[in-house]
Every structure is written in C-alpha cells, then in structure tokens.
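Reviewing the structure listed below.
Protein chains in written order, with the numbering used here: chain P, 1 to 181; chain B, 182 to 381.
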C-alpha cells in the first residue's frame, strides 16, 4: 500500500471526522447527562459504545494488519505518565462533563457550554507545553516500555489475546445489558 | 446448589449498586431522566469500530481528538510569543501543523450538527438542565468549572499521550497496554470526582 499524500489525508480527515461526529451525536455521547451519568455510574451508554467499538475495531484492524493492508499506530506505553495523565484527565472530564472528542460533538449539537471546555483544552495544552521539558525528564521516564502490544508483553500469540479480549469484553457487555438500565 | 444461589445473590446485588445510586438521587440528579442516545449504543459502537478500519486503511491514521487543541495552542503561541513557543520541548517534538489531527475535530463539530439538526436534537442551550439542577443557573460558574476541567483534561491527555478517543478507543483496540492503563485510570479519576461533585 502506498503512503497516502497530504491532500488525501486531509480529505479523508474531513469525511471520517464528519462520520465520527455524526455517530457520537447519535450515540448520545455529546450529551452532558449521558457522559456525567457514566461517571456517576447511572448510565452505561458510554461503556457500551466504547467496548463495542473496541471489539469491532480490534478484530478488523488486526485482520487487515495480518494481511499487510494497514500499519499499526501505537502510542508509547509509559506507565507513570499513563496513570497520572489518566487520573488528571478523568478529574477534568468530570468537571467539564465532556471529553476532547465529545466536546466537539456537544458544540455541534448546540450545547454552547462546550466552548468553555474547548478554550480550557487549548490553554491546558499550552500549559503542558510549558512543563513538557520537565515532564519528559521525569514522569515520562517512569515505566517506559515504548511501543508494545499486550501480546508482545505476555509472549502470547496475537490471535489468542485477541480472542480472549473479545470474549471478555462481550461478557462485560452482556453483564451490563443484564444488570443496568 | 445453595452456594450457587448465594453467589448469584451477591453478584446481582453488586450489579444493582449503580441502580440503587440512581434511585437514591435527588430530583433532577438522575442522568437517566434526560434524553439518552437516539441510536442503540451497540449500533454506534459498531459504526465507530468500522470507522477505525477505514481510517487505518484509507488515511493510515488512528482516530483521536486531543491533539487538535495542542495544534491550536501552538498556532496561537507562534503568533503571540514565537520565540517562547519554538523553545518549548512539546512544540519542538510536535510542531503545530494543518494535518489529520487539525482537520478531524472541526469535522466532528459539523457531523454532530448534521446529526442533531436532522434528528431534531439540536439543543441551543448554555446550561444543561442536569447541571442547573445541581449547580444553579449561573453561566459564569459553568464557564469557570468548564475552563478548569478543559485545562486539566489537556494536561492529562498530553501527559498520557492521548484522550478517550486516541487511547480509549484507538489504542485499546490495538491492544496497547498503555492505552488500557490510561482508559482505566481516566474512568477511576472521573468517577472519583463526579460522585462527590454531585453529592451522591
């Protein structure tokens, strides 16, 4: 497969971004009550959308990868930064009630409070850049495993891990469907 | 046999916990009393999963949102303080550019606008009724909390290397251990702040 040129990337970014925004809004995840409802453990829509997307995406992307049709795009695993970053992100998510993708969906559907979050996201990105020299020397060096996958880490064949993860996530989805409203 | 029944009771009790929280909520503070998703979450999840195949195949990219805000911060920074911006490690490693990550988020806004306008779900409101039920009708308070929340999210996302999309969907589906850690931690952090915030 040839490397796509810049225009092709931009055109597909518009097309796929439109589709992503459309799906997010239809999935209700641009709504404050659905997102905060997940964090309050009242509404499990977000978990259902995400876990379904992970199972479907995983099977398809790894199948395409097996036949050499796509490259993987792994972000480095840095345990210290992943844990602290995740927790800080979660705290901000609870305060705003939208995350960086769903805040865009919220704005699109006319929830204007999303604008405050977007300004905050830009300001926070600058703040991170200000401290990025420090964080690169400290937090980001803790538990740095660089680009790995779970099968690499567990020394198991990919197929085994994919099937186990898919089965586990489907079980979680069935339990959510059975025991939540 | 008896053991099994007890086991089922305990398990279903645990599973009912979120439900009991919902029932105990004060009027207005139950997320389920407001309008939910228009489509089944399984249909939407499948759509997002298939969309990720398409972005990998046609764009050689993974879905992600948070880098958009870093590009904007970089562009604004280059205008206001060009020397400072160029000296910062993050912008040296990730110079702001008009690429995939920059175009994707405005397209999300447009996609959600099309979906909500055609689906009769366009809200046109500054405050969500559930927010109002808990925190009152001050837009200034919403702005302050929203700004703070946005800033914390950007700090967290940049530190972790991605957000609910980049790590939470694209990373986890590639079985990236760092993405799974980030997703689990962001939910823990979110629940730990949201529940006291709503006084439940």
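Even glycine gets a Cβ: it sits at the ideal position worked out from N, Cα and C.
Whole-angstrom distance between residue j and residue i, CA atom to CA atom
i: residue 240 of chain B; j: residue 231 of chain B; result: 14 Å
i: residue 260 of chain B; j: residue 164 of chain P; result: 50 Å
i: residue 381 of chain B; j: residue 374 of chain B; result: 11 Å
i: residue 115 of chain P; j: residue 255 of chain B; result: 19 Å
i: residue 221 of chain B; j: residue 294 of chain B; result: 19 Å
i: residue 160 of chain P; j: residue 166 of chain P; result: 10 Å
i: residue 270 of chain B; j: residue 137 of chain P; result: 11 Å
i: residue 10 of chain P; j: residue 377 of chain B; result: 42 Å
i: residue 127 of chain P; j: residue 320 of chain B; result: 25 Å
i: residue 136 of chain B; j: residue 262 of chain B; result: This structure cannot settle anything about residue 136 of chain B, because the visible part of chain B is limited to 182 through 381.
i: residue 284 of chain B; j: residue 17 of chain P; result: 8 Å
i: residue 143 of chain P; j: residue 264 of chain B; result: 33 Å
i: residue 201 of chain B; j: residue 322 of chain B; result: Annotation note: pLDDT 48 at residue 201 of chain B (below 50); position unreliable, coordinate value reported separately. Rounded to the nearest angstrom, the two C-alpha atoms are 30 Å apart.
i: residue 179 of chain P; j: residue 266 of chain B; result: 51 Å
i: residue 176 of chain P; j: residue 215 of chain B; result: 20 Å
i: residue 1 of chain P; j: residue 282 of chain B; result: Residue confidence for residue 1 of chain P is low, a pLDDT of 47 falling below 50, so the modelled location carries little weight; the figure read from the coordinates is stated next. For residue 1 of chain P and residue 282 of chain B, the distance between alpha carbons rounds to 22 Å.
i: residue 310 of chain B; j: residue 33 of chain P; result: 9 Å
i: residue 353 of chain B; j: residue 223 of chain B; result: 17 Å
i: residue 89 of chain P; j: residue 36 of chain P; result: 14 Å
i: residue 204 of chain B; j: residue 210 of chain B; result: Since pLDDT at residue 204 of chain B reaches only 48, below the 50 mark, its modelled position is unreliable, and no value is offered.
i: residue 182 of chain B; j: residue 314 of chain B; result: Low per-residue confidence applies at residue 182 of chain B: pLDDT is 44, beneath 50, and the placement is therefore not dependable enough to give any value.
i: residue 91 of chain P; j: residue 345 of chain B; result: 13 Å
i: residue 369 of chain B; j: residue 158 of chain P; result: 28 Å
i: residue 286 of chain B; j: residue 98 of chain P; result: 14 Å
i: residue 300 of chain B; j: residue 132 of chain P; result: 43 Å
i: residue 61 of chain P; j: residue 227 of chain B; result: 13 Å
i: residue 15 of chain P; j: residue 236 of chain B; result: 10 Å
i: residue 125 of chain P; j: residue 212 of chain B; result: 30 Å
i: residue 276 of chain B; j: residue 31 of chain P; result: 33 Å
i: residue 65 of chain P; j: residue 72 of chain P; result: 7 Å
Host beta strand (DSSP E) of residue i (start-end)
i: residue 144 of chain P; result: 144-146
Whether residue i touches residue j by CB criterion (9 Å)
i: residue 280 of chain B; j: residue 13 of chain P; result: yes
i: residue 169 of chain P; j: residue 51 of chain P; result: yes
i: residue 289 of chain B; j: residue 53 of chain P; result: no
i: residue 306 of chain B; j: residue 111 of chain P; result: yes
i: residue 367 of chain B; j: residue 93 of chain P; result: yes
i: residue 225 of chain B; j: residue 39 of chain P; result: no
i: residue 297 of chain B; j: residue 304 of chain B; result: yes
i: residue 81 of chain P; j: residue 139 of chain P; result: yes
i: residue 74 of chain P; j: residue 6 of chain P; result: no
i: residue 156 of chain P; j: residue 77 of chain P; result: no
i: residue 156 of chain B; j: residue 343 of chain B; result: As shown, chain B starts at 182 and ends at 381. That puts residue 156 of chain B outside it, with no answer to give.
i: residue 85 of chain P; j: residue 364 of chain B; result: no
i: residue 330 of chain B; j: residue 107 of chain P; result: no
i: residue 21 of chain P; j: residue 349 of chain B; result: no
i: residue 57 of chain P; j: residue 45 of chain P; result: no
i: residue 25 of chain P; j: residue 302 of chain B; result: yes
i: residue 252 of chain B; j: residue 278 of chain B; result: yes
i: residue 338 of chain B; j: residue 100 of chain P; result: yes
i: residue 79 of chain P; j: residue 362 of chain B; result: yes
i: residue 162 of chain P; j: residue 59 of chain P; result: yes
First and last residue of the uninterrupted alpha helix (DSSP H) at residue i
i: residue 273 of chain B; result: 270-274
i: residue 364 of chain B; result: 358-378
i: residue 98 of chain P; result: Where residue 98 of chain P is concerned, there is no enclosing alpha helix (DSSP H), given that its DSSP letter is neither H nor E.
i: residue 17 of chain P; result: 6-26
i: residue 48 of chain P; result: 45-66
i: residue 177 of chain P; result: 158-179
i: residue 231 of chain B; result: 222-235
i: residue 296 of chain B; result: 281-299
i: residue 152 of chain P; result: 150-154
i: residue 238 of chain B; result: Element bounds for residue 238 of chain B: n/a, residue is neither H nor E.
i: residue 35 of chain P; result: 32-39
i: residue 213 of chain B; result: Here residue 213 of chain B belongs to no alpha helix (DSSP H), and DSSP marks it neither H nor E.
i: residue 385 of chain B; result: Within the shown structure, residues of chain B are numbered from 182 to 381, placing residue 385 of chain B beyond reach of any answer.
i: residue 327 of chain B; result: 320-341
i: residue 346 of chain B; result: Here residue 346 of chain B belongs to no alpha helix (DSSP H), and DSSP marks it neither H nor E.
i: residue 132 of chain P; result: 132-137
Residues that residue i bridges to, as DSSP identifies them
i: residue 306 of chain B; result: P/111
i: residue 78 of chain P; result: P/144
Pick from the options that is closest to residue i, judged by C-alpha positions
i: residue 333 of chain B; options: P/28, P/87, P/61 and P/18; result: P/87
i: residue 63 of chain P; options: B/346, B/343 and B/355; result: B/355
i: residue 123 of chain P; options: B/304, B/327 and B/302; result: B/327
i: residue 118 of chain P; options: P/132, P/102, P/109 and P/145; result: P/102
i: residue 23 of chain P; options: P/59, P/178, P/49 and P/44; result: P/49
i: residue 347 of chain B; options: B/242, B/379 and B/313; result: B/242
i: residue 152 of chain P; options: B/358, B/362, B/218 and B/217; result: B/358
i: residue 130 of chain P; options: B/274, B/219, B/318 and B/229; result: B/274
i: residue 312 of chain B; options: B/217, B/229 and B/379; result: B/379
i: residue 69 of chain P; options: B/238, B/258 and B/250; result: B/238
i: residue 249 of chain B; options: P/59, P/135 and P/120; result: P/120
Partners in chain C for residue i, counting only beta-carbon separations shorter than 7 Å
i: residue 297 of chain B; result: Here the protein chains are P and B, and chain C is not one of them.
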